[in-house]
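Engineer:
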Amino acid sequence: MCGARMNDQEQQPRREARVEPVSTARGLGQGRDHHWGEFLVENAIRVLGFSAIGFVVLIFLFLLQEGLPTFFRVELPILFGQRWYPTFDLYGTMPLILGSVLVTIVAIAIALPLGVATAVFVREVAPNWAREILKPMIETLAGIPSVVLGFFGMTIVAPLVRDVLGAPTGLTAFTGALLLAYMSLPTIISVAEDALDAVPKSYRDAGLAMGATRWQTIWRVVVPAARSGIITAIMLGMGRAIGETMAVMMVTGNAARMPVTADSLFRPVRTMTATIAAEMGEVARGSTHYHVLFGVGIILFVLTFMINLAAASVIFQKRRRGGLR
Amino acid sequence: MIAALSLSSCQRVHPPNATPPVPGTAPQTIENKGSDTLVNLALAWAEAYIQARPDVRISVTGGGSGTGIAAMINGTVDIANASRAMTEEELRASRVNGIEPIEFVVARDAIAVVVHPDNPVDGLTLQQISDIYTGKITNWRELGGEDRPIVLLSRESNSGTYIYFLEYVLRMGDTRSDLLFSPDTLLLPSSEGITAEVRQNPNAIGYEGLGYVTGNVKVLGVAVREQDPYVMPSVETVNDGLYPVSRPLYMYVRGEPVGEIADYLNWILTDGQEIVLELGFVPLEG
Chain A
0 MCGARMNDQE
10 QQPRREARVE
20 PVSTARGLGQ
30 GRDHHWGEFL
40 VENAIRVLGF
50 SAIGFVVLIF
60 LFLLQEGLPT
70 FFRVELPILF
80 GQRWYPTFDL
90 YGTMPLILGS
100 VLVTIVAIAI
110 ALPLGVATAV
120 FVREVAPNWA
130 REILKPMIET
140 LAGIPSVVLG
150 FFGMTIVAPL
160 VRDVLGAPTG
170 LTAFTGALLL
180 AYMSLPTIIS
190 VAEDALDAVP
200 KSYRDAGLAM
210 GATRWQTIWR
220 VVVPAARSGI
230 ITAIMLGMGR
240 AIGETMAVMM
250 VTGNAARMPV
260 TADSLFRPVR
270 TMTATIAAEM
280 GEVARGSTHY
290 HVLFGVGIIL
300 FVLTFMINLA
310 AASVIFQKRR
320 RGGLR
Chain B
0 MIAALSLSSC
10 QRVHPPNATP
20 PVPGTAPQTI
30 ENKGSDTLVN
40 LALAWAEAYI
50 QARPDVRISV
60 TGGGSGTGIA
70 AMINGTVDIA
80 NASRAMTEEE
90 LRASRVNGIE
100 PIEFVVARDA
110 IAVVVHPDNP
120 VDGLTLQQIS
130 DIYTGKITNW
140 RELGGEDRPI
150 VLLSRESNSG
160 TYIYFLEYVL
170 RMGDTRSDLL
180 FSPDTLLLPS
190 SEGITAEVRQ
200 NPNAIGYEGL
210 GYVTGNVKVL
220 GVAVREQDPY
230 VMPSVETVND
240 GLYPVSRPLY
250 MYVRGEPVGE
260 IADYLNWILT
270 DGQEIVLELG
280 FVPLEG
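Protein sequences appear in the order of chains A and B. Position 212 (the first sequence) corresponds to 211 in numbering that gives the first Met the number 0; numbering is contiguous. Position 159 (the second sequence) corresponds to 158 in numbering that gives the first Met the number 0; numbering is contiguous.
1. Which residue wins for smallest C-alpha separation from Thr124 of chain B, given the options B:Met250, B:Glu255, B:Pro256 and B:Tyr242?
2. Judging by CA-CA distance, which residue of A:Ala141, A:Leu207 and A:Phe315 is the nearest neighbour of Arg239 of chain A?
3. Can you tell me whether Gln27 of chain B is buried or exposed? The criterion is at least 16 other CB atoms within 10 Å of its CB, across all chains shown.
4. Output yes if chain B places a C-beta closer than 8 angstroms to the C-beta of Met153 of chain A; else output no.
5. Determine the burial state of Ala310 of chain A: buried for a count of at least 16 other Cβ atoms within 10 Å of its Cβ, exposed for fewer.
6. Curious, which full-length beta strand (DSSP E) runs of at least 3 residues does the stretch 21-89 of chain B contain?
7. Please state the DSSP three-state secondary structure of Leu186 of chain B.
8. Applying a beta-carbon distance threshold of less than 7 angstroms, which residues of chain B neighbour Gly252 of chain A?
9. Mind checking Ser245 of chain B: buried by the 16 CB within 10 Å criterion, or exposed?
10. Note down, in chain order, every chain A residue with its Cβ under 7 angstroms from the Cβ of Val113 of chain B.
11. Closest Cβ-Cβ distance between Leu170 of chain A and chain B: below 8 angstroms?
12. Closer than 9 angstroms by beta-carbon distance: list the chain A residues that pair up with Ala195 of chain B, in chain order.
13. Please state whether the Cβ-Cβ distance between Leu278 of chain B and Ala51 of chain B is less than 8 angstroms.
14. Identify the residues that DSSP records as bridge partners of Ala109 of chain B: which are they?
15. Quick one: using the 10 Å Cβ neighbour count with 16 as the cut-off for buried, is Met85 of chain B buried or exposed?
16. What residues in the stretch 154-172 of chain B bring their beta carbon closer than 9 angstroms to a beta carbon of chain A?
17. Is Thr186 of chain A near Gly236 of chain A, with beta carbons less than 8 angstroms apart?
18. For Glu46 of chain B, I'd like the list of residues in its chain whose CB is within less than 6 angstroms of its CB, leaving aside the five on either flank, ordered along the chain.
19. Do the CB positions of Ala273 of chain A and Thr244 of chain A come within less than 8 angstroms of each other?
20. Listed in chain order, which residues of the stretch 27-46 of chain B have Cβ atoms closer than 9 angstroms to some Cβ of chain A?
21. If you run the structure through DSSP and keep just helix, strand and coil, what is Pro100 of chain B?
22. Can you pull the chain B residues whose beta carbon is under 8 angstroms from the beta carbon of Tyr84 of chain A, in chain order?
23. Taking buried to mean at least 16 other C-beta atoms within 10 Å of its own C-beta, is Met136 of chain A buried or exposed?
24. Where do the N-terminal and C-terminal ends of the beta strand (DSSP E) with Thr69 of chain A fall, by residue?
25. What's the C-alpha gap between Arg203 of chain A and Leu195 of chain A?
26. Does DSSP put Ala283 of chain A in a helix, a strand or coil?
27. Nearest-angstrom Cα distance between His13 of chain B and Glu87 of chain B?
28. Let me check understanding here. Comparing Cα to Cα, which of B:Asn200, B:Met71, B:Leu248 and B:Gly210 lies closest to Ile155 of chain A?
29. Let me check one thing: in DSSP terms, what residues is Leu148 of chain A bridge-paired to?
30. First and last residue of the alpha helix (DSSP H) that includes Thr139 of chain A?
31. Hey, would you say Arg154 of chain B sits closer than 8 angstroms to Tyr163 of chain B, going by beta carbons?
32. Going by beta carbon distance, what residues of the same chain come within less than 7 angstroms of Ser93 of chain B, once the five residues before and after it are set aside?
33. So the alpha helix (DSSP H) Gly238 of chain A belongs to, where does it begin and stop?
34. Is it the case that the stretch 171-181 of chain B contacts the stretch 96-108 of chain A, given that we only count it when at least three CB pairs across the two stretches are under 8 angstroms?
35. For a test of the three-state rule: what should DSSP assign to Asn138 of chain B, helix, strand or coil?
36. If the cut-off is 7 angstroms on Cβ atoms, which residues from the stretch 221-253 of chain A count as contacting chain B, listed in chain order?
Below you can see the structure in the form of structure tokens.
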């Protein structure tokens with residue numbers, strides 16, 4: 000398989016795939032004499048592994064502790080209302096939730112065809128030398144700091160959106176979605192490419208042997224066989240998109256309007272992440288506004304969790320049907 | 000926010016109601032608290048002042064004008080920063096405590112309304128600006144400009160400028176008004192963000208502290224009513240009180256200041272004025 004560096008978004012599925020080799024290694028170790036060093040290292044790794052889980056749990060508890068008071072302090076009709084004016088105790092989170100959802104969905108709608116097509120090209124079509132160049136380049140894309148992309152978006156993409164698409168301002172949901180699509184592409188491509196890689200060669204051979212063209216084999220056999228991996232790629236890309244903050248804050252205009260009109264895509268929006276980032280720095284600790292921002296964090300967490308759950312259930316269903324992976 | 004400032008032995012005159020220095024302990028600190036609008040300016044003053052006077056300590060805290068004034072009345076701070084004058088109620092409360100607050104105007108805060116350089120509109124009335132920002136007027140055509148949608152730019156809602164603009168322009172000083180910024184208002188995290196968007200976008204209108212206005216944008220004249228003259232903001236028009244979107248910024252002390260506090264206030268009103276413009280405010284004239 001590809002041996003290139005992976006970034007943190009991609010580590011999750013990869014870690015899963017490596018569970019078996021690790022346990023085999025331990026099996027081999029047990030056969031040998033017991034080494035002190037090995038014992039220490041093994042336990043150190045175990046402690047580190049569990050502490051990672053521990054930290055996640057602690058962060059989650061902290062989020063709950065700071066965020067849950069929101070749901071008691073602010074009446075629910077206000078909390079899920081349409082007006083976000085925190086300075087005047089109007090904490091309607093609906094524009095923020097819908098803003099995040101709109102930007103994320105559009106970003107994925109842009110990134111999905113591009114990402115899957117690129118993965119197919121890199122894995123199935125490109126000659127070896129091109130693959131060797133393309134793969135590291137795609138992975139480098141993931142390393143561009145989001146604030147740099149945000150600046151690029153503000154100075155280059157936003158004026159283009161205004162001039163070409165005729166929007167009143169270039170700081171729109173669409174501008175944010177374009178940047179997010181770009182940012183989630185490396186994740187989608189890498190994971191989808193791994194999924195294609197996992198399709199056994201026999202499938203391709205069988206397809207070609209049945210008289211299918213190369214394109215038919217790719218489109219009708221290989222891609223459907225890798226479907227669950229591709230869906231994981233999309234979910235991970237979505238997770239990246241919905242949680243992204245800096246670039247989004249810089250290019251979406253941060254107007255807390257309800258994105259429900261037909262032209263909303265080309266109007267400013269305010270996302271949950273941008274709201275937390277912009278307001279947390281100045282808010283008085285322990286105030287209602289402070290708790291509401293954590294409450295928004297909980298809502299964001301629940302949304303991300305649901306996306307991951309959806310991804311997991313797709314994979315699980317696929318397994319039960321005896322599919323790949 | 001607290002500015003940690005330098006220390007040294009303190010052998011100067013002390014304010015009457017401060018405890019006398021015990022030899023060998025830290026020197027007397029000037030406690031300075033109040034308006035969040037003023038906090039950055041107060042910090043800059045404190046930092047500049049201790050460069051010249053390393054034997055003084057000044058601590059600066061935000062929290063809001065009301066908080067600062069209350070602390071000054073209670074005697075926990077020496078100087079209260081306020082972006083508004085003290086109310087009758089606050090004056091009464093301080094007299095009950097036996098304190099006669101002395102008011103100093105230390106700088107002025109003026110907000111410039113800016114548009115793209117190609118925008119043909121030269122001036123607006125307060126009512127028009129209010130209607131624009133509350134979403135009643137949505138096209139430049141209604142203001143004698145081109146047929147273009149208006150894109151509203153504002154600072155984030157935690158900025159002192161946001162609150163001031165809302166209270167004095169949108170609500171035109173009416174405390175019972177519940178007008179709010181239109182939900183279509185773009186909230187940008189910095190003055191630079193507003194300048195950048197106004198510079199490129201002919202639809203945009205924005206506001207920012209007068210000291211932050213740079214070239215490449217067009218500053219609009221503002222009139223109180225339609226028949227009044229449209230006044231361009233400048234250090235002169237702000238100091239003369241002609242430009243309507245401006246307000247004095249205050250420091251209050253307990254009684255006639257003496258010693259360190261008097262020296263500090265004197266410095267603020269003279270040499271301290273040099274850095275006021277850098278922080279987006281308008282220096283006092285003369």
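Backbone N, C-alpha and C fix where the C-beta goes; we use that ideal spot for every residue, glycine too.
Structural biologist: On the basis of the coordinates in this document:
1. Mapped onto the second sequence, residue 124 of chain B falls at position 125. Among B:Met250, B:Glu255, B:Pro256 and B:Tyr242, the Cα nearest to that of Thr124 of chain B is on B:Tyr242.
2. Position 240 of the first sequence, counted from the first residue, corresponds to residue 239 of chain A. Residue A:Ala141 is the option with its Cα nearest to Arg239 of chain A.
3. The residue labelled residue 27 of chain B in the question sits at position 28 within the second sequence. Classified as buried, Gln27 of chain B has 16 or more neighbouring CB atoms from the shown chains inside 10 Å of its CB.
4. Looking up residue 153 of chain A in the first sequence gives position 154. Interface residue, yes.
5. Translated into the one-based positions of the first sequence, residue 310 of chain A becomes position 311. Buried is the call here.
6. For the stretch 21-89 of chain B, the full-length beta strand (DSSP E) segments reaching 3 residues or more read 28-33, 56-60 and 78-81 along the chain.
7. As a first step, residue 186 of chain B must be located in the second sequence, where it is residue number 187. Three-state DSSP puts Leu186 of chain B in a strand.
8. Here residue 252 of chain A is taken as the residue at index 253 of the first sequence, counted from 1. Leu185, listed in chain order.
9. The sequence position of residue 245 of chain B within the second sequence is 246, counting from 1. Ser245 of chain B is buried by the Cβ-count criterion.
10. One-based indexing of the second sequence puts residue 113 of chain B at position 114. Simply none; closest approach about 15 angstroms.
11. Within the first sequence, residue 170 of chain A is the residue found at index 171, counting from 1. Contact of Leu170 of chain A with chain B is assigned, a C-beta pair being separated by under 8 angstroms.
12. Reading the second sequence from its first residue, position 196 is the one you call residue 195 of chain B. By Cβ distance, chain A contributes Met153 and Thr154.
13. Working through the second sequence from its first residue, we reach residue 278 of chain B at position 279. Working through the second sequence from its first residue, we reach residue 51 of chain B at position 52. Judged by beta-carbon spacing, Ala51 of chain B lies beyond the 8 angstroms limit of Leu278 of chain B, meaning their Cβ atoms are not closer than that value.
14. For this step, residue 109 of chain B is matched to residue 110 along the second sequence. B:Ser245, per the DSSP bridge assignment.
15. As a working mapping, residue 85 of chain B is identified with position 86 in the second sequence. Under this definition Met85 of chain B is a buried residue.
16. For the stretch 154-172 of chain B, which is checked against every Cβ of chain A, the residues closer than 9 angstroms are Glu155, Ser156, Asn157, Ser158, Tyr161, Ile162 and Leu165.
17. As a position in the first sequence, residue 186 of chain A is number 187, starting the count at 1. As a position in the first sequence, residue 236 of chain A is number 237, starting the count at 1. The Cβ-Cβ distance between Thr186 of chain A and Gly236 of chain A falls below 8 angstroms.
18. In the second sequence, residue 46 of chain B corresponds to position 47, counting from 1. Taken in chain order, the list of residues that qualify is empty.
19. The residue you call residue 273 of chain A lines up with position 274 of the first sequence. The residue you call residue 244 of chain A lines up with position 245 of the first sequence. Yes, Cβ-Cβ distance for Ala273 of chain A and Thr244 of chain A is below 8 angstroms.
20. Against chain A - using a Cβ distance shorter than 9 angstroms - the residues of the stretch 27-46 of chain B are Asp35.
21. Here the question's residue 100 of chain B lines up with position 101 in the second sequence. In the structure shown, Pro100 of chain B falls within a strand segment according to DSSP collapsed to helix, strand and coil.
22. In the first sequence, the residue the question calls residue 84 of chain A occupies position 85. Per Cβ cutoff of 8 angstroms: Ser156, Leu179 and Phe180.
23. Within the first sequence, residue 136 of chain A is the residue found at index 137, counting from 1. Exposed, by the Cβ-count rule.
24. The count along the first sequence starts at 1 and reaches residue 69 of chain A at position 70. Where Thr69 of chain A is concerned, there is no enclosing beta strand (DSSP E), although the alpha helix (DSSP H) it sits in stretches over Pro68 to Arg72.
25. Locating residue 203 of chain A in the first sequence gives position 204, where the first residue counts as 1. Locating residue 195 of chain A in the first sequence gives position 196, where the first residue counts as 1. Rounded to the nearest angstrom, the two C-alpha atoms are 11 angstroms apart.
26. Along the first sequence, one-based indexing puts residue 283 of chain A at 284. Assignment of Ala283 of chain A by DSSP, reduced to helix, strand and coil, places it in the coil class.
27. The residue given as residue 13 of chain B occupies position 14 in the second sequence. The residue given as residue 87 of chain B occupies position 88 in the second sequence. Caution is warranted here: a pLDDT of 39 is assigned to His13 of chain B, below 50, making its placement in the model unreliable, and the coordinate value is therefore given only provisionally. Their Cα atoms are separated by approximately 30 angstroms.
28. In the first sequence, the residue the question calls residue 155 of chain A occupies position 156. Answer by Cα proximity: B:Asn200.
29. What you label residue 148 of chain A is simply residue 149 of the first sequence in a count that begins at 1. As DSSP reads the structure, Leu148 of chain A sits in no beta bridge.
30. Position 140 of the first sequence holds residue 139 of chain A. Thr139 of chain A -> alpha helix (DSSP H) spans Asn127 to Leu140.
31. Here residue 154 of chain B refers to the residue found at position 155 of the second sequence. Here residue 163 of chain B refers to the residue found at position 164 of the second sequence. A distance of 8 angstroms or more separates the beta carbons of Arg154 of chain B and Tyr163 of chain B.
32. Within the second sequence, numbered from 1, the residue matching residue 93 of chain B stands at position 94. Ile72 and Pro100.
33. Here the question's residue 238 of chain A lines up with position 239 in the first sequence. First-last of the alpha helix (DSSP H) with Gly238 of chain A: Arg226 to Gly242.
34. No, the stretch 96-108 of chain A is not in contact with the stretch 171-181 of chain B.
35. By 1-based counting over the second sequence, the position of residue 138 of chain B is 139. Three-state DSSP puts Asn138 of chain B in a strand.
36. Within the stretch 221-253 of chain A, Met248, Gly252 and Asn253 place their CB atoms closer than 7 angstroms to a CB of chain B, listed in sequence order.
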